[in-house]
Amino acid sequence: MADNYLEKRMEDYLNQAPRARKIQTLNKLLRRNRSYRGYDTKFEVRDDQLRRIIETATLCPSARNQQVLRFRPVLSGESDKVLKHIRLGGALPELHLPLPNTEPRAFVVICSTVEESKYVDIDLGIVAQTMLLQATEMGLGGICIGAFDHAEIKEALSLPYEPVLVIAFGRPAEHIELVECGEGESLTYYRNEGVHYVPKIRVENLIIK
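Note that the numbering used here has the sequence shown beginning at 15, numbered continuously upward.
Okay, here's the thing in structure tokens:
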């Protein structure tokens, strides 16, 4: 009942007039849009929610306007076909992420109709970030997964094209904080007392003077 209540509140919120909504600035969305490796398994992402996330691809720019990316939604009923072929938390191998009972149960597998190239990768980055921002606005979270068994996922889902990226979606069940760091300092993410910390280089060090 709680999940249905929250979903209805989200639907009501999205149907409100723009002035009645709490302002979601890009900065706020970007700060909330983190790479979540743990999810609330009691919450099920719906087909219409994944479709809405995928629909953002129709609004994204495309290198040479080739629009070569295709998307395979995967809901909880098929999630095991993907889950056993992905790897999360490469920098924390001792934790064997995701932790038990925090596994993602919804995915979008992104495929390319042509051989991967820098132009395909440009499209891929733009679309992936846009989809994650849409999920964040909807009260969900996600993570881009590049460490996956391509051949196995292609076969398990009977994909007609080569998969180039897997994105997991769900209701996050972990706390992530950004920490500033300087040029040359460690960029490896880490965990301390249940909090996941992600180093980000200060803007002063990013600007070429």
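Virtual Cβ for every residue (Gly too), placed ideally from N, Cα, C.
The three-state secondary structure of Arg45, taken from DSSP, is helix. A distance below 8 Å separates the beta carbons of Ala170 and Lys95. In the three-state reduction of the DSSP assignment, Tyr133 falls in the helix class, which pools H, G and I. Of the residues Phe57, Gly52 and Arg66, the one whose Cα lies closest to the Cα of Leu146 is Arg66. Short of 8 Å from the beta carbon of Gly104, and not among the five residues preceding or following it, lie these beta carbons of its own chain, in chain order: Ala161. With respect to the C-alpha of Val128, the residue from Lys168, Tyr175, Ala165 and Thr150 having the closest C-alpha is Tyr175.
A straight-line Cα-Cα distance of about 10 Å links Gly52 and Leu102. By DSSP's assignment, Leu83 forms a beta bridge with Ser126. Taking a contact to require three or more Cβ pairs closer than 8 Å, the segment 149-156 and the segment 183-190 qualify as touching.
For the 8 Å CB-CB criterion, Asn47 and Thr116 do not form a contact. The alpha carbon of Val88 has as its nearest neighbour, out of Ala165, Arg119, Val178 and Ala77, the alpha carbon of Arg119. Taking 8 Å as the cut-off, the Cβ atoms of Pro75 and Ile124 do not count as close. For Val193, the CB contacts under 6 Å within the same chain, skipping 5 residues up- and downstream, are Tyr211 and Pro213 in chain order.
Residue pairing from DSSP places Asn206 in a beta bridge opposite Val209.
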